[in-house]
Each structure stands twice: as C-alpha cells, then as structure tokens.
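In our numbering, the protein residues as written are 2 to 688. Ideal Cβ placement from N, Cα and C applies to all residues, glycine included. Everything below concerns the one structure shown next.
Written out as structure tokens, the structure is:
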C-alpha cells in the first residue's frame with residue numbers, strides 16, 4: 002500500500018484495530034492497482050465489516066438499545082435532547098453515556114461530552130440496516146431532527162434534514178429564511194448545493210428564493226443564469242394581486258438588475274434601475290436597499306466624483322448597520338477606502354480598512370471568505386507605501402481565505418494586486434503568472450470593466466519592463482486608449498499610453514498625453530493620478546534636457562505625495578528618477594517641503610540594491626493587522642506598568658488570557674519585548 006492509501010485507511014477506520022484487520026483480510030489476493038479503489042470504497046457495508054459489527058456488536062445489544070441506535074443513525078452528531086426528539090424517548094443523555102462507557106463506537110466531539118458521533122464504519126452499518134429494515138420511518142425521523150435543529154437555531158442542520166427527509170417545501174422555506182446569512186458568510190457553495198437539491202418547480206414558485214439564488218449565481222460569477230431567475234420571480238408576482246410584499250419583490254429584482262448593469266459597465270442603466278428600486282422597496286428592506294448606494298458609489302467613482310462616491314458608500318454602511326449585517330457594513334467601508342485610495346488619500350483609506358478589520362474581528366467574521374478583500378485593500382496601500390513584504394503576506398493569505406468564497410470578482414482583484422506586487426519586486430515571472438490567473442477569470446466570467454482594463458494595463462506594463470515594445474504597441478492599437486469607458490479607466494489607459502510612447506522615445510507624444518491628463522485630474526481633484534502624471538512628466542522633460550521644468554514637476558509631485566506616503570510611484574521609475582532626485586537635492590533648500598522626502602526616496606534607491614524592499618519603507622509605518630479594542634486596552638495597561646497578573650485582575654480575565662493578549666500585541670507590532678512594543682506603539686500613535 003502507498004503512504005496515501007495507508008493514511009486514507011486509517012482515516013476510514015479511525016484507528017479501530019479490528020477494522021484494520023478486517024481491511025487487511027479483504028485486501029488479500031487483490032492486485033496492487035485496485036488497492037486505492039478499495040480504500041475509497043471501504044465502509045461499514047463491506048461484508049467483513051458488516052458481519053463483524055452485526056454479530057459482535059449490534060445483535061448483542063438489548064432491543065431498546067438496538068432501536069435507539071437505528072433511529073439515531075440518521076444524525077451526523079448526537080446530543081441527549083436531540084436523540085429524545087428523534088426517538089420519542091426521555092433518556093437520550095443517559096443512553097449516550099452508557100454507550101460511551103460500553104465502548105460502543107461512540108466518539109465524544111467536545112470535552113464537556115455534550116455532543117457525540119458514531120464511528121464512521123458503525124454509522125455506515127446502522128444506516129444501511131435502517132434503510133433495509135425501516136425505510137418508511139426515515140422521513141419522520143428527519144422531520145423530527147429538522148424541528149429540533151430549527152428550534153436550536155442551527156439552520157444548516159435543519160435544512161440538511163429537511164432535504165434528507167424529502168420535505169422540499171420546508172427546506173425551501175428554511176433556505177429562503179437563511180440565504181442572506183449564507184451570502185454574508187460567503188457560503189455560496191452551500192447555498193447553491195441546497196437549492197440544486199430542490200425540485201425546479203419548488204424554486205420557481207418562490208420569488209424570494211429565485212432572487213436569493215440569483216445573488217448566489219452573481220457572486221459566483223454565473224451571471225448568465227441570473228436573468229431567467231428574475232423573470233420567473235417577476236412572473237410569479239404577476240399571478241397575485243398587487244401588495245406591499247409584491248412591490249418589495251419587484252424592487253429586489255430591480256436591485257439585482259442594477260448590480261448586473263454595474264458589473265457590465267452600463268452605469269446609466271444601473272442608476273435608472275437603482276432609482277426605480279428605491280421607489281419600490283419597503284423602507285425596512287435595508288439589505289436590499291444597500292445595493293442602491295453601492296451602484297451609485299461605483300458609478301460616481303468611475304466618473305471621478307470621489308466625494309459623492311464616498312458619501313454613497315457611507316449610506317451603504319448605514320443601511321448595513323440598520324440591517325445588522327457585517328458583510329454589507331464591511332463592503333461599504335472597503336469600497337469607501339478604495340475610493341479614497343484611488344483619489345490619493347492613502348492614510349484615510351488605511352484608517353478605514355484597519356477599522357473594518359477590527360470590526361470584523363470583533364464580530365467573529367474575520368475568517369469570512371467574503372471579507373478577505375479587505376486585507377487585499379490593506380495590501381494595496383502598503384504596496385504604494387513600499388511595505389512590499391507585509392503587502393505580500395496579506396495578499397497571499399487573502400487568496401487562501403478566498404477559496405471558500407468562490408466570487409471571481411474578488412479573486413481577480415486579489416490576483417491583480419499580487420501581479421502589481423510582484424512587478425514592484427521585479428519578479429516578472431510571478432507577475433505574469435498572477436496576470437494569467439486574472440485572465441482565466443475574465444475569459445470565463447463577466448467582470449467589472451475596471452478590473453479587465455487593469456489586467457490589460459499591467460500586461461502592457463510588464464511588456465515594457467521586459468523591453469517587449471511590439472507587444473505594448475499591439476495593446477495601443479487594439480485598445481485605442483481613452484476612447485471609451487468612465488474617466489478613471491480612460492485616464493489609467495492614457496497614462497499607460499504615455500509610458501509606451503516614453504519607452505519608444507516619442508517624448509513629445511508622451512508629454513502631450515500627460516499634459517491633457519494633468520488637466521483632467523486637476524479638474525476633478527484626483528491627486529493619486531496627478532502624482533503619477535507629474536512624476537512621468539519630470540522623467541520625460543529631463544530626457545529632453547528641460548531640467549528646470551522637470552524639477553518643477555517633480556517638486557509638485559513630491560509635495561503632493563509626501564503627506565500620504567506614496568513611494569512606489571517614484572521608485573518604479575528607476576535610475577532616471579534617482580538622478581532627478583539627486584538634482585533636486587542640489588537645487589532645493591533643506592527648508593523646502595519635499596526636501597526631506599526626496600532625501601528619503603534617494604536613500605531608498607541606494608538601499609534597494611542591498612536590502613529587502615520592506616526595509617526601505619517610509620518611517621511612517623503602519624500595522625499589517627490592527628490591534629483589537631481589547632488589545633489596545635491591554636497595551637495601555639502595559640504602558641501603565643502593570644504585570645500580567647495585574648492586567649488579568651484589572652480586566653477580570655485569566656493570567657493565561659492576559660499573556661495571550663500580550664503575545665498578540667508583540668506579534669502585530671513586530672516587537673520582541675514590552676519595552677519594544679511600547680516604543681512601536683508610540684511610533685504608530687497608538688498611545
């Protein structure tokens with residue numbers, strides 16, 4: 002047997018020695034190539050296992066115990082009151098204790114021994130026996146289990162038992178009731194699998210379920226399946242008399258269509274549908290209403306109306322708070338931070354993102370795959386400020402968390418962020434691999450136009466970095482930069498066009514494009530893009546030996562960049578920028594605003610050849626993961642000189658918990674002692 006087959010067999014038998022022996026007997030004489038198939042199929046219904054368990058275990062139990070075992074075999078986990086609900090008895094807990102003491106294949110699932118489960122092979126046997134001897138009882142038993150789980154607030158188990166028992170109407174009602182929670186936690190696979198288990202007729206007859214399924218398909222990138230579901234929902238509404246509930250469903254449909262229009266880049270239609278949804282939705286349909294400001298925020302951002310965009314996302318947050326939905330709140334904050342980051346307000350964006358991280362941690366939602374893009378947002382700011390190692394850790398971890406959240410939009414966002422990070426690290430192979438992942442997503446799903454445009458832009462940037470000018474020019478001819486799409490896409494494309502012309506030596510053409518975009522960005526107060534445009538102008542002018550104008554452009558770019566900690570925008574321009582900074586330091590006086598910043602950037606160029614990119618980050622450092630409110634409280638007590646025991650007494654927690662908080666603080670602050678942690682905290686203005 003291979004090592005993997007041995008591991009799988011141990012998993013199947015859960016270390017049961019007799020089970021391993023029976024498996025070995027069954028393997029005698031089998032050809033080696035069939036071993037893996039045997040291990041995968043090995044279960045309690047295998048004849049050796051079946052004979053052993055029936056003769057040596059099941060048949061030796063009193064009739065009452067046998068009945069208990071068979072009835073409760075439908076359960077994946079057992080507790081006393083649940084067993085009573087299924088069997089109709091009153092001694093479930095006592096029976097479970099007796100079974101455990103008798104070593105009757107009962108495994109405790111917690112230290113309190115409240116929850117148990119049967120050994121896998123024993124459960125296989127019991128279920129096979131139940132199906133053979135009492136097939137008609139199973140629906141009733143599953144219904145009883147569904148009742149108990151629903152009363153206990155364990156919706157997932159309730160739905161599973163309703164489906165297993167064939168009660169599709171009840172399962173559909175439960176799925177409708179809890180679909181928002183599933184979407185919030187990013188459990189798209191669960192929701193889709195449940196709905197697939199229902200007859201189509203049951204789904205089609207429930208407009209609310211059709212809409213929930215449409216949202217799940219949208220987040221999973223299966224947008225082609227959305228409109229038929231919305232049409233079915235609308236058709237069902239037409240069969241009934243007009244009512245407030247019917248208007249609310251129609252408002253839901255318009256919200257869904259507004260989101261799809263936003264996804265397709267049709268902002269005019271999206272805004273029209275959002276306005277109509279606003280008139281139809283019930284005032285207390287907070288979750289559905291949150292789609293309206295989301296649509297508006299995306300549209301305003303695309304047009305460079307950054308303050309209006311931020312205000313729209315603030316309204317989304319307010320509606321999320323009214324609904325008590327952490328996902329809506331977090332997405333609203335994330336999108337607001339994205340707006341501010343694009344605008345050039347990096348520190349405000351980081352503050353918003355760190356607050357969102359802290360909120361998600363306090364709400365127990367930090368592990369949600371649907372919220373992993375908040376960490377991607379933090380990594381984007383860190384990358385701009387040249388904290389490359391910290392950014393890499395965050396975006397890599399986010400991709401791992403996103404595996405449970407199958408949204409192609411968030412995955413593409415993360416891969417684009419990773420590509421830009423690897424580009425900053427001059428790892429062309431890794432950058433190309435990340436872009437290929439983004440390509441795979443956009444070629445199989447409809448994605449936001451900005452993400453698709455960014456993918457093309459970074460393919461072009463990568464081609465330029467490697468000297469592939471023909472490839473870059475091919476993008477220019479194919480895309481015709483600046484001819485379509487919202488302002489932020491057109492400007493990003495035109496800045497890239499200027500880079501292509503610079504690389505080709507066509508400096509006049511490059512400057513014409515940059516001057517035009519300088520005017521656009523000044524008009525809409527787009528500082529983030531203006532910093533890059535001025536930096537590129539300085540490079541082009543310097544190459545044309547117009548040193549005075551080059552230094553003037555660089556001076557203004559540095560003045561705008563310093564308060565927010567922009568660094569990559571300068572470091573990525575290489576030796577030409579280094580020489581410009583050197584000239585600037587000779588020309589400018591030490592009292593001028595950008596002098597110290599120019600000095601720091603100049604040193605970073607020298608350090609980059611011998612140090613990791615992380616070590617060249619601006620002194621105004623930031624935390625990769627923010628401290629929780631309790632950790633900040635502990636930090637203040639450390640600053641007051643309290644010992645771990647005194648902290649524990651003050652906060653009414655155990656010394657072990659206090660030590661854990663101190664360890665977390667040191668880890669997050671990258672500190673090796675209390676003294677170091679306090680110094681780092683003061684550096685970061687946490688104290």
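- Under the three-state reduction of DSSP, residue 409 is assigned to helix.
- DSSP, read as helix, strand or coil, puts residue 208 in helix.
- Judged by DSSP secondary structure, residue 107 falls within the beta strand (DSSP E) whose first and last residues are 107-109.
- In chain order, 293 place their CB closer than 6 Å to the CB of residue 279, counting only its own chain and leaving out the 5 sequence neighbours on each side.
- Contact check between the region 159-175 and the region 85-104: fewer than three CB pairs, one atom from each, fall below 8 Å, which does not count as touching.
- Judged by DSSP in its simplified three-state form, residue 135 adopts coil rather than helix or strand.
- Where residue 119 is concerned, there is no enclosing alpha helix (DSSP H), although the beta strand (DSSP E) around it starts and stops at 117-119.
- Per the coordinates, the alpha-carbon of residue 326 lies some 18 Å from the alpha-carbon of residue 282.
- Two segments are said to touch when three or more pairs of C-beta atoms, one from each, lie closer than 8 Å; by this definition the region 449-468 touches the region 490-510.
- Secondary structure at residue 79: strand, using DSSP grouped into helix, strand and coil.
- Considered as a whole, the region 424-467 harbours 429-445 and 450-466 as its complete alpha helix (DSSP H) runs of no fewer than 4 residues, in chain order.
- If you check the CB distance, residue 536 and residue 511 do not come in under 9 Å.
- Here residue 375 is near residue 335, since their CB atoms are less than 9 Å apart.
- Around the beta-carbon of residue 664, fewer than 16 other beta-carbon atoms lie within 10 Å, marking it exposed.
- DSSP places residue 525 in the coil class of the three-state scheme, outside both helix and strand.
- Counting C-beta pairs closer than 8 Å gives fewer than three between the region 430-445 and the region 239-249, which falls short of the contact rule.
- Residues of the same chain with a CB within less than 7 Å of the CB of residue 198, apart from the 5 flanking positions on each side, are 164 in chain order.
- Between residue 108 and residue 118, the CB-CB gap stays under 9 Å.
- In the DSSP assignment, residue 376 falls within the alpha helix (DSSP H) that extends over 373-385.
- Counting only runs of 4+ residues, no alpha helix (DSSP H) is found wholly inside the region 228-255.
- Between residue 328 and the set 301, 307, 362 and 343, the nearest pair of CA atoms involves 362.
- Per DSSP, residue 667 is one residue of the alpha helix (DSSP H) stretching across 656-670.
- Contact between the region 264-272 and the region 293-311 is established, with three or more Cβ pairs separated by less than 8 Å.
- The beta carbon of residue 110 is closer than 7 Å to those of 78, 116, 117 and 118 in its chain, skipping five residues each way along the sequence.
- Every alpha helix (DSSP H) stretch that sits fully inside the region 547-616 and reaches 4 residues is listed by chain position as 548-562, 569-572, 575-588 and 596-608.
- Here the alpha carbons of residue 59 and residue 128 stand approximately 13 Å from one another.
- Remark: three or more beta-carbon pairs, one from each stretch, lie closer than 8 Å, so the region 186-205 and the region 221-238 are flagged as touching.
- Inter-residue distance for residue 332 and residue 588 is about 46 Å (C-alpha atoms, whole angstroms).
- Assigned with DSSP and collapsed to three states, residue 674 falls in coil, not helix or strand.
- Residue 198 carries a coil assignment under DSSP once its states are collapsed to helix, strand and coil.
- Sixteen is the threshold: since fewer than 16 other Cβ atoms of the shown chains lie within 10 Å of the Cβ of residue 401, the residue is exposed.
- For residue 399, the enclosing alpha helix (DSSP H) covers residues 389-402.
- Around the beta carbon of residue 63, fewer than 16 other beta carbons lie within 10 angstroms, which makes this residue exposed.
- Going by DSSP, residue 221 is part of no alpha helix (DSSP H) at all; its letter is neither H nor E.
- When C-beta atoms of the region 630-647 are compared with those of the region 591-602, fewer than three pairs fall below 8 Å, so the two segments do not count as touching.
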